[in-house]
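Below is one structure; the comments refer to it alone.
Residue numbers (our numbering): 189 to 607.
Written out as structure tokens, the structure reads:
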């Protein structure tokens with residue numbers, strides 16, 4: 189797994205060690221391949237080579253097909269699909285990572301808003317081309333770097349695997365291009381440090397895909413508590429469910445579910461309280477692997493005195509809705525159930541509103557584009573995205589230490605040790 193060999197005491201001759209031994213024998217001359225090569229044919233005469241094998245007129249052991257030498261490597265992996273068709277005043281966007289999530293939630297909204305997709309990067313040429321054709325991209329590539337450095341790209345949308353987010357953010361900031369990056373912003377404190385340095389040196393616009401704060405239920409809850417004078421108490425329960433053992437999010441390099449998913453719900457609390465996380469504590473219920481893994485309970489103290497409790501559960505019933513949130517403050521309570529309903533309690537009165545279950549993906553894309561085109565207020569202050577990311581790191585540390593962790597102190601210590 190991940191290119192790591194079994195310990196030699198358990199398996200002496202793995203595939204990798206066999207290959208290493210063979211290459212060492214080649215280098216030392218103890219294994220010579222020249223006597224095995226009996227014939228050579230340029231690729232244009234490949235038919236003759238196969239006829240030699242099939243008709244057997246001569247004894248052939250090893251036949252090499254020789255290709256013309258490539259004196260210069262290709263300078264670009266970008267393939268043009270359509271001629272340039274720039275429209276005046278149209279925002280020109282480059283896409284890095286166009287998997288099923290981006291194709292379902294991000295790209296359709298951008299297309300409806302009339303932006304122009306200059307170039308899209310995906311893992312393989314075939315997948316990049318399929319996405320490019322579907323969304324009318326001018327060009328496709330397998331290189332995220334080529335998207336960011338493309339001279340016609342004015343803004344970048346990144347929806348790649350979690351461990352690559354910070355790198356693409358830094359590249360975009362250095363190139364002077366606004367970037368929308370899916371959550372999480374970073375998977376380690378070190379990556380967050382890279383982003384801090386890039387912002388300090390180059391500035392720029394950076395938005396993280398914390399979509400839930402833009403959903404209609406969360407927006408209505410925020411308005412319901414407008415003008416409050418007291419701290420909030422928030423309970424957020426997530427019936428996260430089981431991940432298959434082979435799921436990519438189980439790869440340690442991707443940051444895990446706390447950094448990669450819990451960040452969403454911490455951001456909801458930051459949005460509702462308008463306050464940064466001050467300190468966190470967390471405990472875990474260890475469940476049998478690989479079926480359920482780990483369920484956690486985290487408590488977050490905010491700088492305005494508010495307290496949030498988060499239950500992130502992996503062993504609940506699938507028939508139960510995924511997300512449930514209750515907010516208490518000054519004789520008022522709001523209870524949100526899976527983005528489909530919110531019950532607002534005020535004194536002895538209550539009002540129920542129903543919603544379509546959407547979680548703000550459309551709204552976040554619209555606000556990002558509107559900011560770039562019309563200069564509207566930036567949708568999410570970077571300081572909030574940074575604080576949410578730091579809080580997830582602190583939750584992981586609290587699970588390890590079994591004690592309260594000061595968010596900012598932990599982040600500063602991690603940066604000091606890392607640098």
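Where is the CB? At the ideal position from N, CA and C, for every residue including glycine.
Relative to the C-alpha of residue i, which candidate in the options has its C-alpha closest?
i           : options            : result
residue 246 : 236, 254, 255      : 236
residue 231 : 601, 256, 224, 220 : 256
residue 535 : 406, 366, 519      : 519
residue 586 : 328, 360, 456, 471 : 471
residue 249 : 224, 268, 354      : 224
residue 345 : 203, 553, 418      : 553
residue 572 : 596, 601, 458      : 458
residue 393 : 425, 419, 357      : 357
residue 306 : 318, 243, 282, 508 : 282
residue 288 : 343, 313, 348      : 348
residue 502 : 254, 355, 528, 474 : 474
residue 269 : 543, 323, 194      : 323
residue 528 : 522, 515, 538, 543 : 543
residue 360 : 390, 440, 374      : 390
residue 383 : 604, 343, 205, 353 : 353
residue 557 : 202, 524, 367      : 367
residue 540 : 408, 569, 606      : 408
residue 429 : 461, 508, 533, 340 : 508
residue 523 : 590, 406, 588      : 406
residue 318 : 296, 286, 299      : 286
residue 545 : 574, 404, 436      : 404
residue 449 : 411, 327, 576, 342 : 576
residue 530 : 494, 410, 570      : 410
Excluding the 5 residues preceding and the 5 following residue i in the sequence, name in chain order all residues of the same chain whose CB lies nearer than 7 angstroms to its CB.
i           : result
residue 363 : 336, 337
residue 385 : none
residue 491 : 463, 464, 466
Please list the terminal residues of the continuous beta strand (DSSP E) segment that includes residue i.
i           : result
residue 496 : 495-501
residue 533 : 529-534
residue 416 : Taken as a continuous stretch (DSSP letters only), residue 416 belongs to no beta strand (DSSP E), as it is neither H nor E.
residue 281 : 280-284
residue 521 : 520-525
Within its chain, find whatever has a CB closer than 8 angstroms to the CB of residue i; leave out the 5 residues flanking it on each side and keep chain order.
i           : result
residue 599 : 377, 380, 578, 581, 582
residue 566 : 393, 395, 559
residue 329 : 264, 265, 266, 267, 307, 308, 309, 316, 335
residue 510 : 426, 427, 428, 429, 526
Spell out the partners DSSP gives residue i in its beta bridges.
i           : result
residue 423 : 497, 514
residue 474 : 482
residue 537 : 534
residue 594 : 467
residue 394 : 367
residue 490 : 465
residue 327 : 268, 307
residue 542 : 529
Using a Cβ-Cβ cut-off of 6 angstroms (strictly less than) and excluding sequence neighbours within five positions of residue i, which residues of its own chain qualify?
i           : result
residue 488 : 465, 468, 496
residue 551 : 402
residue 505 : none
residue 413 : 517
residue 399 : 547, 548, 549, 552
residue 216 : none
residue 424 : 453, 498, 513
Would you give the residue range spanned by the alpha helix (DSSP H) that residue i belongs to?
i           : result
residue 407 : 404-412
residue 316 : 313-323
residue 552 : 549-562
residue 269 : Where residue 269 is concerned, there is no enclosing alpha helix (DSSP H), given that its DSSP letter is neither H nor E.
residue 566 : Where residue 566 is concerned, there is no enclosing alpha helix (DSSP H), given that its DSSP letter is neither H nor E.
residue 297 : 295-300
8 angstroms is my cut-off, CB to CB: does residue i come that close to chain B?
i           : result
residue 432 : Considering every chain present, this structure includes no chain B. It has just one protein chain.
Give a single yes or no on whether residue i has its beta carbon closer than 7 angstroms to a heavy atom of the ligand GTP.
i           : result
residue 468 : Although the ligand GTP was asked about, the structure shown includes no ligands whatsoever.
Could you name each continuous alpha helix (DSSP H) segment of 4 residues or more that falls completely within the stretch 210-260, going from the start of the chain to the end? If you keep only unbroken alpha helix (DSSP H) runs of at least 4 residues inside the stretch 210-260, you get 234-243.
### Task
Ignoring anything shorter than 3 residues or poking outside the stretch 336-392, list the beta strand (DSSP E) runs there in chain order.
343-346, 367-369
message = Just to confirm the assignment: which complete alpha helix (DSSP H) runs, minimum length 4, are found wholly within the stretch 438-472?
response = 451-461
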